[in-house]
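Residue numbers for the sequence shown, in the working numbering: 582 to 1536. From the three backbone atoms N, C-alpha and C, an ideal C-beta is built for every residue, glycine too. From a predicted model like this one, the values you see are computed outputs, not experimental measurements.
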Amino acid sequence: MKYGAWTSRIKLLSLLVLILLLLLHQLRGSFLLQQTTINTTWILQEDAINAPTFSDSDERLTLVHCVGENFLPGSSWHSKSCHYRNLCYHDQQQWTLRPSSTLQLELEEENNFFFFSSTKLQQNVSTIGLRPSWVRNKQYRWSPNLDVTNNADRDTIRKTVRKHVDRTVIIVSVPPFGSMITFLVDLLFPIFNLIELFHLQSSTFDKPILVNLLNIQDLNDDDIAWMEKGLSWMGYELMYRNISSLTTNLSSSSSQIPYCFSHAAAGIGMLTVTGLSQRGALATDYQPAWSRNHAGRGVLLHQFRNHVLRHTLTKKKKEKENLEDSSSRKKMIQLAFTATTRDNWKDLSKCLDDTVATTQNSYSIRHIDWTSHGRMNNTVDLMETAASSYAWIADANNENCTWPALFLPKGAHLILLYDSNVLVKNKKKRNKNSNGGNGRPIKLDFGLWNQLSHIHVHWLSLSHPPVTLANMMAGILLNNNISGNDTIKSDTQDGTRQIHSDSSTKVRFDGGMPLSLKTRHMPEGSSKVHCIGENWMWNAAHYRSCHVQHLCFDTVSKTFVLPATATHNNNGRLLPMDAVSTWVDPQTTKVMMGHSIRHSTSEDAWFPLLQSSSSPNKDYSYYALDPNVIWLPFFSEQPNISNPGHLLWDFWLPMFTLMELFLPKDGGRPKLLLTNLDSSCTKGAIDASCYKMVSKFLPLLGVSNDSLVSAMVESQLWDPTTDVPEHPTPLVCAENGLMGIGMLTDHGSKKHGQLLEDYQSVQNIGRGPMFWRFRNFMLKNLKQEESSGRPAAPWKITFSINSSQNPSRRRAMERQIEIAQELFPPDGNELGIVVESVQLGQLALEAQTKLMDETAVFVSVMGGSASTAMFLRRDTSLILYYNDIDDFAKGNPNKGGNSIPNRMDWDFWNNASYLRVHWLPIRTMDAENDLKSFARLLQVEVNTAMLLAQEQSTA
582 MKYGAWTSRI KLLSLLVLIL LLLLHQLRGS FLLQQTTINT TWILQEDAIN APTFSDSDER
642 LTLVHCVGEN FLPGSSWHSK SCHYRNLCYH DQQQWTLRPS STLQLELEEE NNFFFFSSTK
702 LQQNVSTIGL RPSWVRNKQY RWSPNLDVTN NADRDTIRKT VRKHVDRTVI IVSVPPFGSM
762 ITFLVDLLFP IFNLIELFHL QSSTFDKPIL VNLLNIQDLN DDDIAWMEKG LSWMGYELMY
822 RNISSLTTNL SSSSSQIPYC FSHAAAGIGM LTVTGLSQRG ALATDYQPAW SRNHAGRGVL
882 LHQFRNHVLR HTLTKKKKEK ENLEDSSSRK KMIQLAFTAT TRDNWKDLSK CLDDTVATTQ
942 NSYSIRHIDW TSHGRMNNTV DLMETAASSY AWIADANNEN CTWPALFLPK GAHLILLYDS
1002 NVLVKNKKKR NKNSNGGNGR PIKLDFGLWN QLSHIHVHWL SLSHPPVTLA NMMAGILLNN
1062 NISGNDTIKS DTQDGTRQIH SDSSTKVRFD GGMPLSLKTR HMPEGSSKVH CIGENWMWNA
1122 AHYRSCHVQH LCFDTVSKTF VLPATATHNN NGRLLPMDAV STWVDPQTTK VMMGHSIRHS
1182 TSEDAWFPLL QSSSSPNKDY SYYALDPNVI WLPFFSEQPN ISNPGHLLWD FWLPMFTLME
1242 LFLPKDGGRP KLLLTNLDSS CTKGAIDASC YKMVSKFLPL LGVSNDSLVS AMVESQLWDP
1302 TTDVPEHPTP LVCAENGLMG IGMLTDHGSK KHGQLLEDYQ SVQNIGRGPM FWRFRNFMLK
1362 NLKQEESSGR PAAPWKITFS INSSQNPSRR RAMERQIEIA QELFPPDGNE LGIVVESVQL
1422 GQLALEAQTK LMDETAVFVS VMGGSASTAM FLRRDTSLIL YYNDIDDFAK GNPNKGGNSI
1482 PNRMDWDFWN NASYLRVHWL PIRTMDAEND LKSFARLLQV EVNTAMLLAQ EQSTA
C-alpha cells in the first residue's frame, strides 16, 4: 500500500510539474509576444486603415499557383512553393483563402488521387529552409485555411466584408540564427528566389515587400532586430505578428475584418543553397541524389548579389562604381583571418606581400582581422569592401571570413584555403572510406562557391609551405585570369601582337564563315579557361562547365585545341584535392558534351587538347572568326536529339544556360557556332532524322543550318578562288567558347519520370525564371514579339491531338473537344472563346510558337511533342494527360514503385513557374466523373484567364 501510495503521489507531482512547465512556456511566449509588439506599430497600419472594403461579389480573384510538386505524398511539401492572390490575414497568425466561385470549390473537393492541379487551394509547403533534421518535422508544414464550412454557408461567407491591402507578403519561419553565410543563402536568398519565381518584385513595385514570421514568438529582440536589418538589405520590411496595434486604431466593429493581400507567397524549403546537405561536412553532400543539384544556379546567385548591393551601397558608392565589373578597379587583395588563425597566417601573409611586391602590377594587399567585426556591426562595410576587391583570400572552413566573398564583383578571385586534416564523415560508421568518408578534406559550402560563375574560385591546401602557397596564389592572381567581360584586347592593352590582319581574305570556314588572318604572341596569347562545378568526385565531369577564351580548332587533326605555353599547364604542384578554376589538368579537367549522364562512362568525358609551344616567346598564326561568335562544341547523342523535347531541354537549354553563366549581358548579340563532335548528325548521314530535327529547331538559337557543322566531316578551310589552297595555319579560333552541358539539362542524372528514384529529388528547383528567359530568348530569335503579358482575347482553347506514336498516348480527345464546344459554342459565344484542335507535328516551327502565343488553355498528352507548350504566355493553363494504363515508375514496390504513373517531364513542367499546370489520367479520361472534372477545370481556367487579363489592363 505504501509503495502504491507513493507511486500515486509521484504521478500526481509529475503531473503538477508538467502543468507548471506548460504554464511557464505559455507565459514565456506571451512575454516574448509583448516584447515584440510593445512600442511598435503594424507595418500596414496606414495602408489597412485606408484600404477599401470588398466582398467576393466584386469579382476579386482568389488564386493559388504552386510549383515543385514531386507526386510523393510524404515529401512533396519539402520542394513546393506557392503564390497566393487575395490571401487574408486574421489575428494570431491565421491565414485564410476564400474561394471566389462555386466551380473552384467543387474542384477543391474532387476526391481523385490521380488528378493533380498546381492551382489546388490547399497545398502544404515548408515555411523554413529545410535541413536534414527538419525533413520529418511537420511543425514547419503549412497551408492557409480554406474559409468554407459547408455548402449552406458558402454564399454567406463569400459576401463577408474584408479589407484589401495592395501589398505583397512572404510567409516564412526562421531557425535560430547561426552564421552570416547561412542567414544569407538559406534565408534571404530563398526569399529572393521565391519572389523571382512568381514575378512578384514588380507586382506591387511602389511599396516594399513584406515578410511575415510565423514563429516570431520563438525569437528574442536581438533576433528580430537582426531579421529587420537583413531584410533592409533586400529592400523588404518585417510584418509584425500581432494585429492588435492596428485594430486599436479602428472601430470595434471592424476589428475582426480580415486583411487580404494582393499577393503572397510561401515555401522556401528546398530553395536554399544548402538543401538537405550538411554544407560539405558529409561524404553524401558531394552527391546530388542526397543534397540537391546546384548546376546553373550561379546566374540567380549573381542576381541576388546585385540586388543586395543596390539596396546597401550608398548613393555615392553606386554612382562611383559599376557593381558588375572589377576590371577597371584598383587590384585590391583582401586577406581575411581571425584571432585563432592570425599566428598561422603571418608567414603566408609576408610571403604573399613579398611575391606581389616583385611584380610590375599595381596590386595592394589589405589584412582583415575578424576580431574587430561583430555579428551586426560593419556587415555593410564588409559587403562594400568585397564589392570593390579584386581578390579575397580566406580560411575555407571559417564562415565568418568567407561570407563577404559572395559580394565580389564579376571577374574577381576567391582563394579558399582548406585544412587537409579536417575530413568529411560518413553517415554510417562502417566502411569509413566509401564515398570518400573520413578520407577527404571538408570543403565547407563548396555547393555555393563552386557554382558562382561571375568570379573565379580556387581551393588550396594549407599543407603547402607558405612560400609555395604564396607563389601559387600569385600565379593565379597575376597570370591566369579571365575577367567577366573579357574580349581579346588591342595590341597595346595586353601584349598580344596582331602582326597581320587581312580582312579581305577569301578563306572561309565550314559553311562560309568569314575569317581574318592574325598572329598572337606567347605567353600572352595563350588560351584562358574558367571552370565551375567541381565536386572532387569520380563524376566531376558531369557537373563541370567551362568558358574558354581563345578556343581553337585544328582543321588538319580535326580536334579542338588550346594554344598554351609550356608553363601554362605547370600545375603539378597542386595536391589531389586542390582546385584552380583557371588552370587545366589534361588528366582531370573534363566535361560532358551531350551524352546521357545516367549512362555515360569516363571515356565520354571530353576537353580540348593543350597545344603547348616549345618556346615561351613564340608567335603563332591563326584564322580568327567574327569576335561575336560563340563556339559551342557538343555531342549529338542518338536517338535522344531526334526528339523535340530532348533537343530543347537536353541541348538548347544547357547552351542557353552556359551563355547566361559566363557571357556579359551587354556584350552584343552573339553568333552561335555549333560543332558536332561526331559525324552522326550531318546532312549526308545515312539516318537523316537527327539533322532534319536539329535543322528545324536551329532558328530558336538564332542561327541557320550553316552554323551547324560536324568536326569530323565538314570543319575545314576553303578558298573559293582556288582548288588547291595553301594555308599558313590550320588553326581557326573564336574569342569565346563554352562547353559542359552535363547537369545543366532539365533532368540531369535522372530519367524523365520512368523510375521511382526520379521523383525522390527535384532537378529544377528555383529555375522557373531561367525557363522564362529561355522561352523569351528563343522567341526573340524567331523575331516574334516577346509576349511577356498574359493571354488575351480572343480566348483560345487549343487541343494537341494524336501527338504521340505510343498507342496509349496517341489520343484524338473527341469527348474533351465536344465538352469544350458545348461549354463555349461557336454561335452565340459572347466571350470570344475559340476551341481549336491541331496536330503540332504538321505545323512549321514558327506556326507552332505563334499558336502557343495565342492560347489561353492548352490541352495535350505528355511527351516530347508537348514541349512546344513552353512557349505559352505567363499564367497560361497547361492541361497534361499522363499514361496510367501501361507506364508506371519502376522501383521498390514497398516504396511506391510500379504504382506511381510515369508523369513524363514532370520536373520541367512542375517548376516552370510561369505556367499553371494540371495533370489528368488517360485511363479514365472519358469516364463521366473525369469529364465533369475536366469541364469544371476548363471553366475555371478560362474564367481565370479573363480576370487576370482584366487585372493586367487596370494595373
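Burial state of T983 (16 or more Cβ within 10 Å): In the sequence shown, residue 983 corresponds to position 402, counting from 1. When all chains shown are included, T983 counts as buried.
Within 8 Å, strictly: CB atoms of L882 and L686: By 1-based counting over the sequence shown, the position of residue 882 is 301. By 1-based counting over the sequence shown, the position of residue 686 is 105. Against a cut-off of 8 Å, the Cβ pair of L686 and L882 comes out as no contact.
In chain order, each beta strand (DSSP E) run of at least 3 residues that lies wholly inside the region 1316-1390: 1376-1381
Sequence ranges, beta strand (DSSP E) only - wholly within the region 1432-1472, length at least 3: 1436-1442, 1457-1469
Secondary structure, beta strand (DSSP E): runs of 3+ residues fully inside the region 931-1001: 944-950, 972-976, 994-999
L684 versus T1169 - alpha carbon distance: Taking the sequence shown and counting its residues from 1, one reaches residue 684 at position 103. Taking the sequence shown and counting its residues from 1, one reaches residue 1169 at position 588. So the alpha carbons of these two residues sit roughly 59 Å apart.
Residues near S1448 in its chain [Cβ-Cβ closer than 8 Å; skip 5 each side]: Stepping through the sequence shown from its first residue, residue 1448 is reached at position 867. If we look at S1448 and ignore the five residues flanking it on each side, its Cβ neighbours are P1225, G1226, L1229, W1230, D1486.
Residues near A1526 by beta carbon distance below 8 Å, same chain, minus five either side: For the purposes of this step, residue 1526 is taken as the residue at position 945 of the sequence shown. Once the five neighbours on either side are set aside, the close Cβ partners of A1526 are R1371, P1372, W1376, A1437, V1438, D1456, T1457, S1458.
7 Å Cβ shell around Q1219 - same chain, five flanking residues per side excluded: Mapped onto the sequence shown, residue 1219 falls at position 638. Closer than 7 Å at Cβ, skipping near neighbours: S1261, C1271.
Endpoints, alpha helix (DSSP H) assigned at W658: By 1-based counting over the sequence shown, the position of residue 658 is 77. Per DSSP, W658 belongs to the alpha helix (DSSP H) from 657-660.
Reduced DSSP secondary structure (H/G/I, E/B, other) of S681: The count along the sequence shown starts at 1 and reaches residue 681 at position 100. Reduced to three states, the DSSP call for S681 is coil.
Three-pair Cβ contact test at 8 Å for the region 1339-1356 versus the region 1489-1501: yes
Beta-carbon proximity list for F652, same chain, < 8 Å, skipping 5 on both sides: Position 71 of the sequence shown, counted from the start, is the residue given in the question as residue 652. So the list reads F697, Y1340, I1481, R1484, W1487, once near-sequence residues are dropped.
Rounded straight-line distance, which links the Cα of I1023 to that of S1384: Reading the sequence shown from its first residue, position 803 is the one you call residue 1384. Reading the sequence shown from its first residue, position 442 is the one you call residue 1023. Cα to Cα, the separation comes out at about 50 Å.
Length of the line joining the Cα atoms of R886 and V753: Counting from 1 along the sequence shown, the entry for residue 886 is found at position 305. Counting from 1 along the sequence shown, the entry for residue 753 is found at position 172. So the alpha carbons of these two residues sit roughly 21 Å apart.
Those residues which DSSP pairs with M820 across a bridge: The residue given as residue 820 occupies position 239 in the sequence shown. In DSSP, M820 forms a bridge with N793.
Residue environment, E1316, which counts as buried when at least 16 other CB atoms sit within 10 Å: To locate residue 1316, count along the sequence shown from 1; it is residue 735. E1316 comes out buried.
Neighbourhood of M761 by C-beta, 6 Å cutoff - its chain only, sequence neighbours within 5 removed: Locating residue 761 in the sequence shown gives position 180, counting from the first residue. Only W984 meet the Cβ criterion.
Rounded separation between N1221 and P771 - CA only: Within the sequence shown, the letter at position 640 stands for residue 1221. Within the sequence shown, the letter at position 190 stands for residue 771. Those two C-alpha atoms are separated by around 34 Å.
DSSP three-state assignment for M1053, whether helix, strand or coil: Within the sequence shown, the letter at position 472 stands for residue 1053. Three-state result, M1053: helix.
T865 - DSSP class collapsed to helix/strand/coil: Reading the sequence shown from its first residue, position 284 is the one you call residue 865. Here T865 sits in helix by DSSP.
Close Cβ partners of K1264 (< 6 Å) along its chain, the five nearest in sequence each way excluded: Along the sequence shown, one-based indexing puts residue 1264 at 683. Excluding residues within five positions, the ones whose Cβ falls inside 6 Å are Y1272.
C-alpha distance - A1374 paired with G1413, whole-angstrom precision: By one-based count along the sequence shown, residue 1374 stands at place 793. By one-based count along the sequence shown, residue 1413 stands at place 832. Those two C-alpha atoms are separated by around 7 Å.
Cross-strand partners of R1089 (DSSP beta bridge): On the sequence shown, position 508 is the one that residue 1089 refers to. Answer by DSSP bridge pairing, in chain order: P1095, W1299.
Assumed close pair R1250, N1209 - CB separation to whole angstroms, cut-off 8 Å: On the sequence shown, position 669 is the one that residue 1250 refers to. On the sequence shown, position 628 is the one that residue 1209 refers to. Right, the Cβ-Cβ distance comes to about 7 Å (below 8 Å), so this counts as a contact.
Range covered by the alpha helix (DSSP H) that runs through V889: Working through the sequence shown from its first residue, we reach residue 889 at position 308. Counting along the chain, the alpha helix (DSSP H) containing V889 begins and ends at 879-893.
CB-CB length for D1135 against P1311, believed under 8 Å: Taking the sequence shown and counting its residues from 1, one reaches residue 1135 at position 554. Taking the sequence shown and counting its residues from 1, one reaches residue 1311 at position 730. About 5 Å; that satisfies the 8 Å criterion.
Member of V1048, H659, K661 whose CA lies at the smallest distance from the CA of D934: Residue 934 sits at position 353 when you count from the first residue of the sequence shown. For D934, the nearest C-alpha among the options comes from V1048.
Segment contact, 8 Å Cβ cut-off, at least three pairs: the region 1327-1345 with the region 1183-1190: no
DSSP state of M1236 mapped onto helix, strand, coil: Within the sequence shown, the letter at position 655 stands for residue 1236. It is helical.
Among Y1462, A1160, Q1386, P1144, nearest to V1313 - alpha-carbon criterion: Numbered from its first residue, the sequence shown carries residue 1313 at position 732. Of Y1462, A1160, Q1386, P1144, the residue nearest in Cα terms is P1144.
First and last residue of the uninterrupted beta strand (DSSP E) at P1157: Indexing the sequence shown from 1 puts residue 1157 at position 576. It is not in any beta strand (DSSP E) - P1157 carries neither H nor E in the DSSP assignment.
Candidates Q1192, L963, C663, Q674, of which the one nearest L890 by Cα: In the sequence shown, the residue the question calls residue 890 occupies position 309. The shortest C-alpha separation from L890 is found at L963.
Whole-angstrom C-beta distance between L997 and L989, which should lie under 8 Å: For the purposes of this step, residue 989 is taken as residue 408 along the sequence shown, with counting starting at 1. For the purposes of this step, residue 997 is taken as residue 416 along the sequence shown, with counting starting at 1. About 12 Å separates the two Cβ atoms, so there is no contact after all.
Counted within 10 angstroms of its Cβ, other Cβ atoms place V550 as buried (16 or more) or exposed: Because residue 550 is not part of the residues shown, which for the chain are 582 to 1536, the question remains open.
Those residues which DSSP pairs with T1140 across a bridge: Residue mapping note: residue 1140 aligns to position 559 of the sequence shown, counting from 1. Note: T1140 sits in a beta bridge opposite D1135.
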